[in-house]
Structures are given as C-alpha cells and as structure tokens.
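Which chain is which? The protein sequence lines are A and B, in order. Okay, so the first sequence: first residue is -18 according to the working numbering, each after it adds one. Okay, so the second sequence: first residue is -18 according to the working numbering, each after it adds one.
There are 2 protein chains.
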Amino acid sequence: MSEVNVKVRDMKSHMRKLEHLMGASALIQWDMRVGAPRKAMADRGEMLAFLTGEIYKLQTSDKMKEFIDALIDSKELNAIEKSMVENAKKNYDLTKKVPEDRAVAYAQVVSNSEAAWEEAKDKNDFESFKPHLKKVIDFQKELVEHYGYEGNKYNTMLDIYEPGITVEKLDKIFSDLRDSIVELLNKIKNSSVKIDDSFFKKNFTTKEQEEFSLFVLDKMGFDFEAGRLDESVHPFTTNFGNKDVRITTKYLKNEFRSALFSTIHEGGHAIYEQDIPDELKGTGLASGASMGIHESQSRFYENIIGRSRAFWQFFFPEAKKTFSQFENVDFEEFYKAINVIQPSLIRTEADELTYSLHVIIRYELEKALINNEVTVEELPKAWNEKYKEYLGVEAETYSEGVMQDTHWASGLFGYFPSYALGNLYGAQFLNKMLKDMPNMYDEIAKGNLKEIHNWLKDNIHKHGAVYKPAELIKMVTGEELTAKYFVEYLNNKYSEIYNL
Amino acid sequence: MSEVNVKVRDMKSHMRKLEHLMGASALIQWDMRVGAPRKAMADRGEMLAFLTGEIYKLQTSDKMKEFIDALIDSKELNAIEKSMVENAKKNYDLTKKVPEDRAVAYAQVVSNSEAAWEEAKDKNDFESFKPHLKKVIDFQKELVEHYGYEGNKYNTMLDIYEPGITVEKLDKIFSDLRDSIVELLNKIKNSSVKIDDSFFKKNFTTKEQEEFSLFVLDKMGFDFEAGRLDESVHPFTTNFGNKDVRITTKYLKNEFRSALFSTIHEGGHAIYEQDIPDELKGTGLASGASMGIHESQSRFYENIIGRSRAFWQFFFPEAKKTFSQFENVDFEEFYKAINVIQPSLIRTEADELTYSLHVIIRYELEKALINNEVTVEELPKAWNEKYKEYLGVEAETYSEGVMQDTHWASGLFGYFPSYALGNLYGAQFLNKMLKDMPNMYDEIAKGNLKEIHNWLKDNIHKHGAVYKPAELIKMVTGEELTAKYFVEYLNNKYSEIYNL
C-alpha cells in the first residue's frame, strides 16, 4: 500500500465513524417523529444534542485536518476519493471559519427564533417575530463575511445547498421560468375548462389508502426489504445507509391525493438513497448530489410520472378496484382532477404549475434581504405584492403569508431555490430519457416503471454525491441547467388539459 | 462547591454520556427486533459495534479512573453518590482486569460459539457445538482467574448478575426449594384433579389479544405516555431512560395464555423502569437493582398477581366481553386452567411450579462445569439425569435438552439463578405486602392494582440500583433472602387447586 492509499483507508474509517453517529441520530429522529412516547422527548433531545456534539468533534478534529492536508493535492486519487476529500474540506472549512463563540451564539439565536416563530405563527403575530428574524438575518450576513464570497453575497448561501449555483445563473433561469409560468397561468385562468375534483374529497379509510400507497411504491421499485413506510404528522424521508431508507406519509380521511402523492414524492427520494452503491460507504458521499437533485427525483416521480396520463392509464383501473368512490368517475375526469391548477397561498399545498412561483418569490426576497435591498420591516408588504403580481392571491394573515414556512426562522437562507431547481433538473432529465427510451410512456401505461428506475439509477443514483449538480446535469444531459425543458413540459401538458 | 461536589458533578456528566450511548444502542437493538428491514442488519451491526467501542472507551477511560480514585474513599458522599462510585469502580475493575488481547479473543470465541449453537440447535447436533462450548467454559475459568474469587470460583460469576449472592448461600436456598417443589410435584401427579385447558387453544385473533393485553397493562399502571407495546419474535423489555420503556409480546393464534402472560411479565419489568426516579440520571444507577430483583417484579406480576384467583375475579368477566371462546367456561375451570401444572422439557414454557427446577438444574450444572466436576462430554447425560430425577421427563433431542438455551453459548454463566431468585424475592415481598395491606386481594378482585404498584414503587422501584439486592431485601422485608415464603405460597396455592 502506498502512503496515499493508507491515508485514504484511514480517512474512510474516520468518515465511517461519522456515518455511524449520523445514522444513530437519524434513527433517533425518525423514532421521535414516528413512535416515541410523548414523555420521552426531553431525554431524547438531550441524547441528540450529545451525538451532534460528537459529530462536530469528528468533523473538525485534528485528524480530519491531517487527512485533508495530506490528500487534497494528491494526484493519486480516483474520482471518488478526490470528491471525498474536497467534500470533507468544504465541511471542515465552513465550520472552522466561524469563530466558536459566534457559532454557539448563532445556535442560540436560531433556537430562540424557531420557538418565537412557532408561537407567533399560531397567534398571527409578526411583530413579536420580527426582532428574531432580524437577528437571524444579521447573522446570515455575518456568516457570509466569515465564509467569504464571490460576486453576490447570497452566492455563499446558495452554494451550501446547491454547490455551483449562483445568483448570476439563477436570476436568468428563474426570471424565464417565472414569466413563462405567469403567462401560462393567465391563460388557464381564462380557459373555459373547469375541473371538478370533488370526488377526491369523499371518505377514504386509512387502510384503503395505505394499501394503495404500498401498491404504487412497490411498482415504483421501492425495496421493502431495505426500507419501510410509516405515518407521521409531516411526511419525510430518512435513511441510515442504503439498506434502510424510511419514508412516512399522512393519511387524510377526506382528501385522496394527499397521502398518495406524498408517498410517491418521498418514494422518489427513497429510491435514490436505496440505489446509492455500497462502495460509497465511508466516503461521506453516500447520499444525493444536492438538495436540488434530490428534489428532482421526488418531484419527477410525484409530478412528471405520478400525474401523467400514462401512469393513470395503468393505475386508475387499479384504484377503482380499491376505491368504490371512483365508481362513476371516468378517466378524463380523473386525470384532469389530479392536475387541477389553482393558485393558492401555501407553498406546500401548491399544484405542479404554481409551486415554482412560491419558491421564486422566496428566492427574490432572500436575495434582497441579504443584500440590504429589503428590510424585515418591509418584508410582509414585499411578500404580498409578489404574491399578488405572480399568483394573483393575497394573504389575509401573516401566518398564511410571510410566516408560513419555518426556513427563515431556522436560518436556512439559500435552501428554497432547491425546490424549484428540482423541477428544472427533472424535466431536463425527462427530455434525455425520452431520447433514450422513446416508448417510455407506453411502458408506464402498462404499469412497467422498471426502465425509468434503471435509467435514473444508471445515470444519477449510482453516483451518489461524487459529482456536483452542475457536473451531473452536464454529464447526463449534455447541457447546462436550463428552464427550457420544464417550461416546454408545462406548456404541452397544461395546454392539452385546459384546451388552450 | 466543595472539591468533592465538583468531582461528583463532573463524574455524573461523564456517566450521562455513557447513558446516551447506551440509550442509542438500545434503541438500535429495539428497532432491529421490532421493525428494521431485513437488509439493514449488517450495517446496523456495524453501527452497534462502533457504539459498543465508544461505551467501552468511556467506561475504561483515564477520566473514569480519576473520578473513581478521587471519590472512592470520600466521606462526603450521600448514599446515591457512594453507590454510583462503587458501581463504576466494579465495572471499571472487571473490564480492566482482563488483558485487552484476551477480551478481544473472548468476544470472538463467544461470537463463533453463538453462531455454532444456532446451527447446531437447528440440526440437533451437539457434536459440532461441543468444541465451542468447551472453549467458552475454558474462557469462563480464565476470566475467574483474572477477576479473582473468594470461596467457590463460581461465586465470581454469580456476583456479576446478582451482587452478594454466593454458592454457599444458594446451595442451601436452592436445595430447600428443589426438595419442596419435587415433593409438591409428586403429590400433584397423584392428585385426582385433572385440569382441562383446551379452551385456551381455540382461535384468538391478534386484534382481540392485543386489545385485552393493553387493557391489562393499563390496569397494572403501565404509563403509555412513557412507553409502548409492540410485537417481536421473542418478548422483551428495553428502555432508554425512565420516560421511554418499551415492551414486546408475541401473539399466538391458538394459545390464549402466551401473549397475555408475557405482556404481564414484561409489564412488570417495564413498570419498574418507569418508576426509577429522575434524580438517578447520570449515576449509572437508573436501572433495576439486579437481574434477580428485576425478575422478581416481572414474575410477581405474571404469577403471584396474574395467576391469582383475585385477579381473575375482576379480569375473567372482562375477558368474557372480548372473547366469546370463554362463553361456556366457568370461573373455577378458567382459574384452574391458567394454573395447570405439567412438567415439561423447555424452561421458557414451564409453569409456575416447575420453572424453578429448570433453573436449579442449570445452576447445579454450571457450578459443576466451572469447578471441573462435570466435563462438556458428560454434560448431556448429567442434564438428562437431573431432568428425570426432578421433573420426571427426558429430552429425546439435544435441542430440547442441553442445547435449548442460548446462555451457555453466549458465555452467560451465573445468569440463570436470577430467574429463580426472582420467584423467591417476589414471594418474600408478597409476605410483607400482605402485612402492610391485609385487604390487598380484595382490592385486586375489584380491579384495583394501584396500591400494589405504589407499594412496589415506594419500597423497591424508587431506589433504582442504589442498593445491592441483599441490602434491599433486608431493608424491605427485615429478613435475609429465604425460600420459605415461596415454598409456603406454592404449597397453599396448589394444595387448594389440586385438592391435596
């Protein structure tokens, strides 16, 4: 073994310890959300805090620095090893650049702000949340100074969640996307097609819904020997390695779509994690390439596949077997009803078309906040103006408006864009898939989702986080990220549905 | 703060870390047995091994030694602090006395032996298991040499699981118990009373059984906001602090008693853990006083309460509401059927009377093995002779005989006696309870189990592991441990049932 090989081996064994601690933390969190008894929470919080401290120690240990210094300029590393070292260095630097006392102070500010947000949201009381939000934003600006930045200050925040993405790129992409969606939305508003989705609001038992969700998950290729489906208040995906990927959903008695589409969405995340190859164990790269790429998989399954005509050609007759509620519903009615467009106030409940507008509004406001172009004082007004302009709706309360999401209270500036990027990546992948598999929709209509799964696995999943999102999209589709394919997809789909 | 107070505080914070690591391990193990997907097991094993290593490091750290050395002779400690330091010292010494290379070798021997046992038991192949068992026993003897011993070498093994118990004490107690049970058993064999328990073997759905188990657990005082009931192949209790105590049971379609009595048994363990006071956090004493005392609580609820006439005076009418299978069963038939005595081969399926004989046989053989009075070669013969002599039954296979339990394969020599000690402690507590609460059975017959629970909490549970079992039994009952009360209890109960 060369000296480099020995260092790589030792670094992997160090990283593997980190993975074990993170896995244990993730299991504790899963358990807290799925089944732990009420009184356990305080102790469990203490346990998590302890493990988080241990994770921090390993991530910033002298040993980690030694590995990084020894390997960062080595010419002997393969692609995976190179990415492992770069990724570890990024994490190490991000943590170490913030003086410890400021990191501790920041954790406290966020913790206070989250608590204040929860109370303020309940009471629709923006005034009491404002000082907390101001502190969080001031800290975001301070963090940018610690981390350093190139071009726009907000680039530093973006890069944390979507490496390589910049304001310069996003401004162009998002304004194209925004204008196209708003244009299409206006046409839909004027369309004579009116869609009735009232049959989704009948009484659906949890048992029936669960049965059907499991059926769909299985068809998607979710491996039940390496994962499970449970119920929780907010649907989520978590995993402890590629052999144990757990998703949750939430069954609403009077809304058929909610549990099913969140199962498909989380199923898309889960299949990604299940497909990560074993060889990435102990590299820190055994996960999705980025938030945006992860979201591309979940939203691809949820919308592009799960709300497609072909998908329901197979699944609608199956659904009829389970749900007598659809007895008198015909296919066209059903297909239209799962694709109804209805601008609304709440991001998490938005339809496929308007969803991205919610995200773009947040992007524009975050960027303005970080660059001192909007103050916290002016924020609710700016929020409402944008909602009115892009979506034509206006929140009557702060809770349904500027305070609806936890992200800002939690200091997650730079995170929102990933959600919309997921849509763009997804449509760009779709375009390439259709070239590689021209009969893709015919197969879906037969209930065969295997080829799609294999394509995603071979082109995306198997790489884990070895490549940056920008590298990956170029590698897979031959092009840089563009809004073009998503816009095209939306125009085609909704022109047909709304007879435009 | 005095120097001692500072040390105590720092030691507790060190111990608390240990508790977090142990809690995380326990949750992972619970999850593996209750719900983790099949393919997760290998990774999860690796995660557990890592955490076990971290626990070992903290338990044997220089810091731990420093705390122990600074505090062991201090006169300023209260009872809890004194016990904390002594307990930590015992653990530290036991670990440190074994040279590290021998500890590693032993772990390997046990791991091989467990795997060999599992295969050999399946195939009824004692020959292939023999060399492994020999190695384990040789290692037990070596461990005794490392640990040191007073009197009988087997004392060292006993002291690990039941501090203060010695061969000298147990020989007397167990031979009294054995002779009394054998005598009573022979009378029962000659009794004209024949008990029919065939109505327990009808078809009972899991749902009905679960409902009734939950009803009984609730009446016992199990706190469902600090625990849960699940299903697993082998019933067990685990906990991560006193606010999250989890039990499992196993529902057999054609055997009413199995799930119910194992729920009550595990419920007894669980209530003990739920009652441990918060102040014992971070002392290493937030658990039962010993294996035997723990077993006294589970077996007390399972047998002394759960198989009592008074208990079923309340619960039998309740059971009839759920189970139409008992429609034509009268109370006397029912009561007798849950107390039927039937000598059998398998310890875990034994009735209340013969159970202790299974344990005593193992005690006698373990002691003989450690003291070179029986060889592994002679073991099956010795086993069968004792079963024939005490129970009047003879195993036709090794799997139903000498290979039925995992304990020896796992190196748990000294562990078995706790099971029988539990019966003795339990009856001795009962004797005192009846003095303190003469109308105890009247209350039980009304379905009121609260006073029993409070008595156990005040006298036993609230002390956690602060006192050694011998101190505790003396403190609570005013007497040393004796078989007298259990023998008396058995004679009274079964003379009535079998009309002796």
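Note that CB positions come from ideal geometry on N, CA and C, so glycine has one too. Please read all numbers here as calculations on a predicted model, not as lab measurements.
request  = Could you tell me how far apart the beta carbons of B:Gly248 and B:Leu198 are, in whole angstroms, since I believe they sit closer than 8 Å?
outcome  = 5 Å
request  = Report the rounded CA-to-CA distance for B:Ile257 versus B:Lys465, giving the unit in angstroms.
outcome  = 29 Å
request  = Consult DSSP for B:Glu381 and reduce its assignment to one of helix, strand or coil.
outcome  = coil
task = For B:Gly26, decide whether its Cβ has a neighbour in chain A, counting only Cβ atoms nearer than 8 Å.
result = At a cut-off of 8 Å between C-beta atoms, B:Gly26 does not count as an interface residue with respect to chain A.
query = What residues in the region 199 to 210 of chain A have a beta carbon less than 8 Å from any beta carbon of chain B?
reply = Answer set for the region 199 to 210 of chain A: Asp204, Phe205, Glu206, Ala207, Gly208 and Arg209.
inquiry  = Just to confirm before moving on: does the CB-CB distance between B:Asn404 and B:Arg288 stay below 8 Å?
reply    = no
request  = Starting from the beta carbon of B:Arg19, find every residue of chain A whose beta carbon is closer than 7 Å, and list them in chain order.
outcome  = Glu206
query = How many angstroms separate the CA atom of B:Glu358 from the CA atom of B:Tyr130?
reply = Whole-angstrom Cα-Cα distance: 26 Å.
inquiry  = Please tell me whether B:Ile36 has its Cβ less than 8 Å away from any Cβ of chain A.
reply    = no
inquiry  = Using a Cβ-Cβ distance cut-off of 8 Å, determine whether A:Phe31 contacts chain B.
reply    = Contact with chain B is found for A:Phe31, since one of that chain's Cβ atoms lies less than 8 Å from the residue's Cβ.
request  = Kindly list the residues whose CB is nearer than 6 Å to the CB of B:Val125, restricted to its own chain and excluding five residues on each side of it in sequence; keep chain order.
outcome  = Lys134 and Thr137
ask   = Do we get a CB-CB distance below 8 Å when we pair B:Leu430 with the residues of chain A?
value = no
Rounded C-alpha distance that separates A:Ser391 from B:Arg(-3) = 28 Å
key: Per DSSP, the bridge partner or partners of B:Leu210   = According to DSSP, which records beta bridges pairwise, B:Leu210 is partnered with B:Ile228.
ask   = Cβ of A:Leu462 within 8 Å of Cβ of A:Tyr406?
value = yes
query = Nearest chain B C-beta to A:Ile16 closer than 8 Å, yes or no?
reply = A small fix is needed here, since residue 16 of chain A is Gly in this sequence, not Ile. Chain B contact via Cβ: present.
query = Looking at chain A, which residues of the region 246 to 271 of chain B have a Cβ within less than 7 Å of any of its Cβ atoms?
reply = none
request  = Just tell me which of A:Trp293, A:Ile327, A:Tyr344 and A:Glu47 has its CA closest to the CA of A:Asp311.
outcome  = The residue among A:Trp293, A:Ile327, A:Tyr344 and A:Glu47 with its C-alpha nearest the C-alpha of A:Asp311 is A:Trp293.
inquiry  = Taking CB distances under 8 Å as the criterion, tell me whether B:Ile53 reaches chain A.
reply    = no
key: Bridge partners - B:Asn220, DSSP secondary structure assignment   = B:Val226
message = For the structure I just gave you, are there three or more beta carbon pairs, one from the region 213 to 231 of chain A and one from the region 13 to 20 of chain B, closer than 8 Å?
response = yes
task = Determine the extent of the alpha helix (DSSP H) in which A:Leu114 is found, giving its start and end residues.
result = For A:Leu114, the enclosing alpha helix (DSSP H) has its first and last residue at Phe107 to Tyr128.
task = Taking C-beta pairs closer than 8 Å, name the residues in chain B that A:Asp225 reaches, listed in chain order.
result = Ala17, Pro18, Lys20, Ala21, Asp24 and Arg25
key: Own chain residues within Cβ distance below 7 Å of B:Glu62, not counting five before or after   = Shown here for B:Glu62: same chain residues with a beta carbon closer than 7 Å to its own, the five before and five after excluded, namely Val(-11) in chain order.
ask   = Given a limit of 7 Å on CB to CB distance, which residues of the region -13 to 5 of chain A reach chain B?
value = Lys(-2), His1, Gly4 and Ala5
message = Helix, strand or coil for B:Trp389? Go by DSSP, reduced to three states.
response = coil
Contact between the region 381 to 388 of chain A and the region 98 to 108 of chain A (3+ Cβ pairs under 8 Å) = Short answer: they touch.
Proximal chain B residues relative to A:Leu8, where beta-carbon distance stays under 7 Å = Leu8, Ile9 and Asp12
Helix, strand or coil at A:Thr147 according to DSSP, with G and I counted as helix = coil
message = Short of 8 Å in beta carbon distance, which residues of its chain neighbour B:Lys122, apart from the five on each side in sequence? Order them along the chain.
response = Lys134 and Ile351
query = Less than 8 Å separating the beta-carbons of A:Val85 and A:Lys116?
reply = no
ask   = Which residues bound the alpha helix (DSSP H) around B:Glu313?
value = Phe312 to Ala318
key: Sub-8 Å separation of A:Phe482 and A:Glu283 beta-carbons   = This structure cannot settle anything about residue 482 of chain A, because the visible part of chain A is limited to -18 through 481.
ask   = Using the C-alpha atoms, what's the distance from A:Ser476 back to A:Lys168?
value = 9 Å
ask   = If we cut at 8 Å on Cβ distances, does A:Gly222 have a partner in chain B?
value = yes
ask   = Out of curiosity, what's the CA-to-CA distance linking A:Ala408 and A:Pro80?
value = Near 42 Å, if we compare the C-alpha coordinates of A:Pro80 and A:Ala408.
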